[in-house]
Amino acid sequence: MAERKMRIAVAGTNHLALLIATFVTQYTSHQIIVLSRHAQPQLTDENYQVMVVDYDSQESLQHAVMGIHTIISTVTGNAQVALIQAAVAQGVRRFAPAEFEGPLVARQADDPLDASKSATRDWLDHFRDRMASTVFTCGVLYERFAPWGLSSPHVRLCQESEYGSEGDYLVNPRNLRANAPLYDHTGHEATLCLTAAQDVAYLVVRALDMKSWPRELTMAGEHMTVAELLATILRVRGRPTLHLESRTPTYNELTHELHNAMIAGDEGQQLRARELIATANRRYVFPPPGTLRDLNRSYTMIRFEDWLRHNWAPHAVLDD
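Take the sequence shown: its letters are residues 1 to 320, numbered as in our numbering.
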């Protein structure tokens, strides 16, 4: 592990980005700079250095990343590509893209859930001899099951997604309505890895001092079947069964739903079906606890059940 002091930039001001910024300050001697599209007076008042950037301007971006050693990105799409180009131009040494999901090996060619991430990785691969990069793989964020979901004002991790509201993925802990495949196409139980954003941020910060970065670093707070996930939510919410209108569709039913949604041109339903099919196909599964977690064994990860109890304690089950 290197000990030298570095200038670290985190791009974005969502929940994960601010956790990373906080932990850089708490656990390292490195300097943190927050890149934001807008002024952030609250962060400035908390003594964070905020650089307002225009992602449509290379001049703005290159000025902001001058002298930066490592960039951790939580912005996506064209903005992220522009940031990569600016980083290369200014000699940034390392770049971690906004991935934070399932393992690279589980991504299919022409992935309909890609959201331009493969293009970002292509750019990073192109510049690999000039700037190192790694993908931080964490499976499904616990925050997908938070009150109001990934789109909540507190989390703000799905600005460009139509699939980040409360209950959009597998189950809604508020009313216990589920739409969750329990098995894959071979009849094996559907499984997934999950991690709290807080743990992701901590381990990302721990990776800053690694002497070299592999193409991917993995971490998992939990590894469970979809059935175990549903049972955990029921236990936390103190109910014996899911809502009567809940579904546990088979793999064939999901592919049929996707086919019908494509015929109807229903993009929202297509996205929901594709996400459930991908979950059944082990998109979010990798060997736990993960390569980055193995390097930080003394750190205690947050249990999914404990996280659920903390976040849902103020909210009663909604019977409708």
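Even glycine gets a Cβ: it sits at the ideal position worked out from N, Cα and C. Keep in mind it's a predicted model, so treat the numbers as computed, not measured.
Nearest-angstrom beta carbon gap, Val52 and Leu43 [assumed within contact, 8 Å]: For this step, residue 43 is matched to residue 43 along the sequence shown. For this step, residue 52 is matched to residue 52 along the sequence shown. The C-beta distance from Leu43 to Val52 rounds to 11 Å, too long to fall under 8 Å, and the pair is not in contact.
Counting along the chain, where does the alpha helix (DSSP H) carrying Asn179 start and finish? The sequence position of residue 179 within the sequence shown is 179, counting from 1. For Asn179, there is no enclosing alpha helix (DSSP H); the residue is part of the beta strand (DSSP E) that begins and ends at Arg177 to Asn179.
Would you mind reading off the limits of the alpha helix (DSSP H) that contains Ala87? Counting from 1 along the sequence shown, the entry for residue 87 is found at position 87. Its alpha helix (DSSP H) spans residues Gly77 to Ala89.
Count the other CB atoms, across all protein chains shown, that sit within 10 Å of the CB of Gly268; report buried if there are 16 or more and exposed otherwise. On the sequence shown, position 268 is the one that residue 268 refers to. Gly268 should be labelled exposed.
Are at least three pairs of beta-carbons, each pair with one atom in the stretch 169-186 and one in the stretch 212-224, less than 8 Å apart? They do not touch, by the three-pair rule.
Under a three-way DSSP split, which group does Asp320 fall into? Within the sequence shown, numbered from 1, the residue matching residue 320 stands at position 320. Asp320: coil per DSSP, three-state reduction.
Ordered along the chain, which non-local residues of its own chain (more than five positions away) have a Cβ less than 7 Å from that of Leu292? In the sequence shown, residue 292 corresponds to position 292, counting from 1. Taking Leu292 as the centre and dropping the five residues before and after it, the same chain places the C-beta of Leu203, Ala207, Leu217, Thr218 and Met219 closer than 7 Å to its C-beta, in chain order.
Which residue marks the beginning of the beta strand (DSSP E) containing Glu216, and which one marks its end? To locate residue 216, count along the sequence shown from 1; it is residue 216. Unbroken beta strand (DSSP E) run through Glu216: Glu216 to Thr218.
Counting Cβ pairs, one atom from each stretch, are 3 or more of them under 8 Å apart for the stretch 136-146 and the stretch 279-289? Touching, per the Cβ criterion.
Using 7 Å as the threshold, is the C-beta distance between Gly167 and Leu150 below it? As a working mapping, residue 167 is identified with position 167 in the sequence shown. As a working mapping, residue 150 is identified with position 150 in the sequence shown. No, the Cβ-Cβ distance between Gly167 and Leu150 is not below 7 Å.
Check whether the stretch 174-181 and the stretch 247-261 touch, using three or more Cβ-Cβ pairs below 8 Å as the test. Under the Cβ criterion (8 Å, minimum of three pairs), the stretch 174-181 counts as touching the stretch 247-261.
By the 10 Å Cβ neighbour count, where 16 or more other Cβ atoms means buried, how is Gln26 classified, buried or exposed? Position 26 of the sequence shown holds residue 26. Around the beta carbon of Gln26, a 10 Å sphere encloses fewer than 16 other beta carbons of the protein chains shown; the residue is thus reported as exposed.
First and last residue of the uninterrupted beta strand (DSSP E) at Met224: As a working note, residue 224 is residue 224 in the sequence shown. Bounds of the beta strand (DSSP E) holding Met224 are Glu222 to Thr225.
Answer with buried or exposed for Val155, where buried requires no fewer than 16 other C-beta atoms within 10 angstroms of its C-beta. For this step, residue 155 is matched to residue 155 along the sequence shown. With a threshold of 16 other beta carbon atoms within 10 Å, Val155 meets it and is buried.
Contact set for Ala231: own chain, Cβ-Cβ below 7 Å, skip 5 residues either direction: The residue given as residue 231 occupies position 231 in the sequence shown. The beta carbon of Ala231 sits closer than 7 Å to none of the beta carbons in its chain outside the five residues before and after it.
Proximity below 7 Å, CB of Tyr284 to CB of Gly102: Reading the sequence shown from its first residue, position 284 is the one you call residue 284. Reading the sequence shown from its first residue, position 102 is the one you call residue 102. For Tyr284 and Gly102, yes; Cβs fall inside 7 Å.
Could you tell me how far apart the beta carbons of Gln80 and Ala98 are, in whole angstroms, since I believe they sit closer than 8 Å? Your numbering for residue 80 matches position 80 in the sequence shown. Your numbering for residue 98 matches position 98 in the sequence shown. With a Cβ gap of about 6 Å, Gln80 and Ala98 count as contacting.
With C-beta atoms as the reference, is Val10 less than 7 Å away from Ile20? By one-based count along the sequence shown, residue 10 stands at place 10. By one-based count along the sequence shown, residue 20 stands at place 20. Cβ distance < 7 Å, so Val10 and Ile20 count as in contact.
DSSP three-state label for Ile8, please. Within the sequence shown, residue 8 is the residue found at index 8, counting from 1. Reduced to three states, the DSSP call for Ile8 is strand.
Suppose contacts are defined by Cβ-Cβ distances below 7 Å. Is Gln40 in contact with Thr70 by that definition? Here the question's residue 40 lines up with position 40 in the sequence shown. Here the question's residue 70 lines up with position 70 in the sequence shown. No. Outside cutoff.
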